[in-house]
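Reading through the structure tokens given below for one structure.
Rendered as structure tokens:
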């Protein structure tokens, strides 16, 4: 498969999962400003949505959306136990976390990247994100990972998105348990490999 990514974007999460699963993949950098790949290909022809992550399968089919890609990648290596088996209650709990991260955390950062967003609204956005971080901080007071003791695909997603906090000028010091989680995930060899490959460390 090919993973189209932009350094530090949400595409880092499936990049981490590919490395966690030990799957062969081409990692292709995309300039989201010009919509060109590092080889000069027109990215908008690969993914008309115009954003990463995008995975192109060996049969030419294209898949998008972080939560879907994480599940697909993890399912390719079931022995790695990066996601609960399909049809189990645990899988639905995993999907619950994936959707929470997508809708309540990931999209919550959107207005902070828009230069047209008024500062007064950014304050409201940061407060809402803070509420989400407080909930997560409480969860991590008794759990090592989102699913308890087991590291899964959802953890790679949350790690990726919460790493944006520094760029968004969000003070993370109140969330000691969430920060401990981020440190745990950040030390994983696959995470370090993905960060290095994207030039982030």
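Numbering (this note's numbering), first residue to last: 397 to 597. Beta carbons are placed, not taken as given, at the ideal position from N, Cα and C, and that holds for glycine. Quick caveat: nothing in here was measured; it's all calculated off a predicted structure.
Straight-line gap, residue i to residue j (C-alpha atoms, nearest Å)
i           : j           : result
residue 407 : residue 462 : 7 Å
residue 437 : residue 471 : 29 Å
residue 597 : residue 488 : 34 Å
residue 397 : residue 451 : 7 Å
residue 434 : residue 554 : 27 Å
residue 563 : residue 415 : 25 Å
residue 588 : residue 545 : 21 Å
residue 516 : residue 522 : 10 Å
residue 420 : residue 514 : 44 Å
Start-to-end residues for the alpha helix (DSSP H) that takes in residue i
i           : result
residue 491 : 485-496
residue 527 : 515-535
residue 580 : 572-582
C-beta neighbour in chain C for residue i, strict 8 Å
i           : result
residue 427 : Absent from the structure: chain C. Only one protein chain is present.
Proximity of residue i and residue j at Cβ, strictly below 8 Å
i           : j           : result
residue 469 : residue 550 : no
residue 598 : residue 571 : Since the first residue of the chain shown is 397 and the last is 597, residue 598 is not available in this structure.
residue 566 : residue 525 : yes
residue 490 : residue 413 : no
residue 404 : residue 594 : yes
residue 424 : residue 465 : no
residue 573 : residue 536 : yes
residue 410 : residue 449 : yes
residue 578 : residue 558 : yes
Where residue i falls, given that 16 or more other Cβ within 10 Å makes a residue buried
i           : result
residue 444 : exposed
residue 492 : exposed
residue 520 : exposed
residue 556 : buried
residue 457 : exposed
residue 440 : exposed
Where the beta strand (DSSP E) containing residue i begins and where it ends
i           : result
residue 385 : Because the chain here runs from 397 to 597, residue 385 falls outside it and cannot be looked at.
residue 398 : 398-401
Check: residue i C-beta below 7 Å from any heavy atom of the ligand GTP
i           : result
residue 474 : In the structure on display, the ligand GTP does not appear, and there are no ligands present to speak of.
Please give the ranges of any alpha helix (DSSP H) in the segment 407-493, keeping only runs that are unbroken, at least 4 residues long and fully inside the region. 408-417, 439-442, 462-471
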